[in-house]
Amino acid sequence: MEPKVGDRDGNIAKSLELIEAAADQGAKLIVLPELCSSGYVFETREEAFSLAEPVPGGPATNAWAEVAARRGLHIVAGVCERDGDVLYNSAALVGPKGHIGTFRKVHLWAAENLFFDPGNVGFPVFATELGRIGMAICYDSWFPETFRLQALQGADIVCVPTNWVPIPGQAPGREAMATILHMAAAHSNSLFIACADRIGTERGQPFEGQSLIVSSTGWPVAGPASRDTQEILVATVNLSDARRKRNWNAFNQVLRDRRTDVYDEMLGANLKRGWY
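Our numbering puts the sequence shown at residues 49 to 324.
And the structure:
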């Protein structure tokens, strides 16, 4: 998707068009890019606040909840969330019965620090009829703790709305560093990851595209997509494989083999251990 900064109504309409198209192809869990309702490169705090909304209850989350109810979908999408006088770079999870949960980006990138507060809800995992769903946003994925903490809580899949940008040292035409990071994270935590990136250039900032869906084995099952073309990736997966096939051989299971006598099982986080 290529959101247009400042055009919230147009972005919501485009997101609904793409959601309907994905549902027509059989999708049940749909992931949209980071800040897809507002655009990304804000010029002022006033602009950012003008494009923000409460979650739930704002125009974007209401629209996504309506189509989720009508089509029997679960949707994860990036939204500029306003909570009083504070803004968060957030992802909303909605399902057929409405809003399920919200994730707030933990690790802010570049000028995001001028507009957003760091997320304050940690890395929640939500039980749904499809499976246990976690979320992350863009730069969060550069921190191994993001996926490990969700795996330890029993996540089957982590949905990643994102706006990847070129990384220094990247050779022209080479795959985005992010695609490699997510393949490694899926493999080393035995969970599925679905990444939805944006395309285009916004106020001089180019984006990488290359959305992908990664199996719990670490290998892509859809994508990477192109760098510059709007498209929909669809894959059929069995989320229970994230747990059922976690034993790699007679001796090794990647989460069970952790040396919790050497480091804290939950990395010092005040989180309840899930089944893994």
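Where a beta carbon is used, it is the ideal one built from N, C-alpha and C, also for glycine.
Note that this is a predicted model, so its numbers are computed, not measured.
- A buried status is given to GLY126, since no fewer than 16 other beta-carbon atoms sit within 10 Å of its beta-carbon.
- Annotation for PRO268: the continuous beta strand (DSSP E) segment containing it runs 268–270.
- Listed in chain order, the non-local C-beta contacts of ALA224 below 7 Å within the same chain comprise TRP212, GLU256 and GLN258, local neighbours out to five positions each way being set aside.
- For ALA159, no pairing in a beta bridge is given by DSSP.
- By the criterion of a C-beta distance shorter than 8 Å, VAL282 is surrounded in its chain by ALA70, GLN73, GLY74, ALA75 and ALA270, once the five residues flanking it on both sides are discounted.
- Annotation for SER138: no alpha helix (DSSP H) segment contains it, though the beta strand (DSSP E) segment containing it runs 134–143.
- According to the DSSP assignment, ASP245 belongs to the beta strand (DSSP E) that extends over 240–245.
- Assignment of beta-bridge partners to ILE78 by DSSP yields ILE123.
- Among the bridge pairs identified by DSSP, ALA175 is matched with ARG180.
- Boundaries of the beta strand (DSSP E) around GLY146: 146–152.
- Per DSSP, the beta bridge partners of GLU129 are GLU101 and TYR136.
- Taking C-beta atoms under 8 Å as the contact rule, PRO81 and PRO214 fail to qualify, at a distance of about 16 Å.
- For GLY58, the closest alpha carbon among the candidates VAL89, MET183, LEU99 and PHE163 is that of LEU99.
- In terms of Cα proximity to LEU156, the closest of PHE174, ILE185 and ALA175 is ILE185.
- Relative to the Cα of ALA317, the nearest Cα in the group LEU66, ASN168 and ILE247 belongs to ASN168.
- Put simply, the backbone Cα of ALA290 is about 17 Å away from that of LEU260.
- By the neighbour-count criterion, in which a residue is buried when 16 or more other Cβ atoms sit within 10 angstroms of its Cβ, LEU162 is exposed.
- Contact check for LEU141 against VAL115 fails: the beta carbons are separated by 8 Å or more.
- Contact between the stretch 237–255 and the stretch 76–96 is present: three or more C-beta pairs spanning the two stretches fall below 8 Å.
- A direct Cα-to-Cα measurement between GLU68 and LEU315 gives close to 40 Å.
- Excluding its 5 nearest sequence neighbours in each direction, TYR187 has C-beta neighbours in its own chain below 6 Å: HIS155 and TRP157, listed in chain order.
- With a cut-off of 8 Å on Cβ pairs, the stretch 219–236 is not in contact with the stretch 173–182, counting fewer than three such pairs.
- Around the beta carbon of THR194, a 10 Å sphere encloses 16 or more other beta carbons of the protein chains shown; the residue is thus reported as buried.
- One Cα belongs to ASN110, the other to VAL173, and the distance between them is close to 22 Å.
- Shortest Cα-Cα distance from SER274 to any of ARG292, ASN297 and ALA244 involves ALA244.
- DSSP places THR210 inside the beta strand (DSSP E), whose first and last residues are 205–210.
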